[in-house]
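Peer 1: Submitted below is the structure of interest, expressed as structure tokens.
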Amino acid sequence: MAVATTWRPLGPLLRLDRLTMGLSTTWSNYLRHWDRTLRTTLRRSLVRMWRRSSGDTGDLMVLMGWSSEEMASHYGASAAAERAQQTRVRMRIGENV
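Going by the working numbering, the sequence shown opens with residue 1320, and the numbers climb by one from there.
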């Protein structure tokens, strides 16, 4: 059985070198910022779905090509409050106060 190589799904989404050719610096920077923002949003969504599905952080790290749990924590931080709220509801904490 062959060992899978590291999968890096979220490199640059656009061919920025071709898209920005001949554009002003302002438009070039705008496209680069938009691409970076889109990749960040996709990473956050992926980590959120992974955590909701009780996926293992180690597996996520391998799939995303990360060498530490710091990136998973960084991109998953926005979903931490949502998970805490769901746990509170499930455990019925504070209902009889």
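Glycine included, each C-beta is placed from N, C-alpha and C at the ideal position.
For M1320, count the other beta carbons within 10 Å of its own beta carbon; 16 or more makes it buried, fewer makes it exposed. Which is it?
Peer 2: Residue confidence is low: M1320 scores 49 on pLDDT, short of 50, so the model does not pin down where it sits. Its coordinate-derived value is still stated next. Result: exposed.
Peer 1: Look up L1357 in the DSSP assignment and say whether it is helix, strand or coil.
Peer 2: Three-state result, L1357: helix.
Peer 1: Could you compute how far the alpha carbon of R1351 sits from the alpha carbon of T1406?
Peer 2: Whole-angstrom Cα-Cα distance: 38 Å.
Peer 1: Taking just the CA atoms, how far does Y1394 sit from S1387?
Peer 2: Those two C-alpha atoms are separated by around 12 Å.
Peer 1: Under three-state DSSP, which class holds D1375?
Peer 2: It is coil, neither helix nor strand.
Peer 1: Identify which residue in R1367, R1334 and G1341 has its Cα closest to the Cα of R1402.
Peer 2: The option with the nearest alpha carbon to R1402 is R1367.
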